[in-house]
Every structure is written in C-alpha cells, then in structure tokens.
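Asks:
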Amino acid sequence: MHMKNLLKEKLAKKDYVLGAFVASCSPTNVEILGMNGLDFVILDMEHSPLGLETMVDMIRAAEAYDMVAIPRVYTIETKLMRRILDVGAHGLLVPMVNNMTDAKYIMDAVKFPPLGARGMNAGRGPRWGAYDHYIQEANDALFTMFQCETCEGLRNVDEIAQMDGLDSIFIGTGDLSLDMGHPQDLKNPEVSAAIDKILCACQKNNKIPGIVTGSPEAAAERIQQGFRIVTIMNDLGMFKKQSQLQMEAVHALCSAE
C-alpha cells in the first residue's frame, strides 16, 4: 500500500479544507465527523488525556472516511513524536514552535534520513514491515504543521516559514492573543496585524496557512482572508453547546404552557 498526503491532495482540488479539534478521546466522535464530510481532525493530546492506544483507533476511524487524522502533541520530545508516527498518524501539529532551533529539532525527529534521523520500525505506520518505498513515501506524505502562538514565534515566523519539509503554519489565536496581552481579543489591531504577518509569511514561502475558528461566520471570514486550513469546532465544545441549547429549549417550552 502506497502512502499519500491526503490533505495535500484535498487542497489541490479545492480552495480550503475544514476540520475539527477532537478532545474527547472518542473514536466514535471521529467517525461521526467523518460521516459528516469533514476533511481532517486534530487529535488533541496537548489539552486532553489522550494516549496512543486510543489514538490508533481514532486514526482508523478517520481513515474509514478518507479523513486526515493529525495529532497535536504536547511536547516536542523526539520519542513521543516518532511513536505517534509509528502508529500511523497522517501528520503532526506541533504547538509553540518559537524559533529555528525548535523547527530543526522537530524535522530531525519526524523525517527519515537524509532529511532527518527517524529510525525504522515494524509498526502500523509502515504497514507492519512493508518497507518497499516506505521511507521516501513517508517523508513526502507526512503533513507537518507548526503552530505560531507566541510573541517569540511571531518574531521568527518569516524564518520558520522557510523550513524545508514544513507544510503549514497554523495560528493558535487563543494563546497568541494571550501572549500579546490581549486574550481572545482577535479584533485588537495588534493581534490582527500579527495574524496578517503570519498569513503573509505562509504565502511568501509557499506554506499553507491555517487557523482555528469558533463559528461559521468566523470560518468564512478567515477563508476569504486567505486561510486554507480551518478548524470550525471542538467536539466537546459542540457537545456542551448543543446539550445546553436542548435543555434550555425544553425549559422554555414548558414555561410557555
């Protein structure tokens, strides 16, 4: 079985892709999102108790619907990133990449020689030891995303965007605005200028710009701005919102009688 970069294939066919953060550690939620037609999911290890044994089933659920599963790691520790790739992850989202030292360290961990120093394995990634063409295909197919979400990362984004092997820079608007002193104030002129700077760095260096959003209106606005990888929900946030709306609707109907 040949590996391929499904997210790149999707982006070659359309202007943007839509995805969701999954923090529930639930393969079922991944399956439902795939049934609904999302292009990708971010499996959030950074802010959830998600482990590898559950993650592999979440990846399988995504694959059943040709949906790309990209874990977000909680550290740039080499062994963790390699184990995630060994279980068959389609890419990695790495938070708080602040400088070229971080960027080079990550690439060395996730790419096989000559691009990096990743070692061979007989796990799910190489289809249980089916090594034919695997090394070259894995280097090409891995979708690598760095998050820009600190003032230091913002200062260095033009240099980071030149990194060979990097596919996308994804803006963590919450942490970026927090680090800039304007938490969640995305309309603040300084925050808006920072987002524009990251977008321009991506476009200048042929990297795919990505961003998190929290509503259909915000997603459409970012797509029109030029972002091509857009998350539109968090599964737990959506569950919380919809369950509250259902409960409030019942109370309202009962009160009206």
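Residues in the sequence shown are numbered from 50 upward in steps of one, following the numbering used here. No residue lacks a Cβ here, since even glycine has one placed at the ideal position from N, Cα and C.
Assign M149 to one of three DSSP states: helix, strand, or coil.
Replies: Of the three classes helix, strand and coil, the one that applies to M149 here is helix, per DSSP.
Asks: Could you spell out the range, first to last residue, of the alpha helix (DSSP H) harbouring D213?
Replies: First-last for D213: undefined, no H or E at that position.
Asks: For F308, does the three-state DSSP call read helix, strand or coil?
Replies: Since the first and last residues shown for the chain are 50 and 306, residue 308 lies out of range.
Asks: Mapping DSSP to helix, strand and coil, what is P258?
Replies: strand
Asks: Mind listing, in chain order, the continuous alpha helix (DSSP H) runs of no fewer than 4 residues lying wholly within the segment 72-111?
Replies: Runs of the alpha helix (DSSP H) lying entirely within the segment 72-111, each at least 4 residues long, are 76-84 in chain order.
Asks: Could you give the residue range of the beta strand (DSSP E) that holds P162?
Replies: Taken as a continuous stretch (DSSP letters only), P162 belongs to no beta strand (DSSP E), as it is neither H nor E.
Asks: Answer with buried or exposed for H139, where buried requires no fewer than 16 other C-beta atoms within 10 angstroms of its C-beta.
Replies: buried
Asks: On a CA-only basis, which of L55, G68, L60 and K62 is nearest P265? Give me that one, please.
Replies: G68
Asks: Judging by CA-CA distance, which residue of V71, L141, K253 and D189 is the nearest neighbour of L285?
Replies: V71
Asks: What does A69 pair with, by DSSP beta-bridge criteria?
Replies: V90 and M282
Asks: Does the CB of E208 have a neighbour CB from chain B at under 8 Å?
Replies: In the structure shown, chain B cannot be found, because there is only a single protein chain.
Asks: Please report the distance separating the alpha-carbon of A242 from that of K153.
Replies: 27 Å
Asks: Put Q293 into one of helix, strand or coil per three-state DSSP.
Replies: helix
Asks: Go ahead and pull the three-state DSSP assignment for T222.
Replies: helix
Asks: Starting from V143, follow its DSSP beta bridges and name the residues at the other end.
Replies: V143 pairs with F195.
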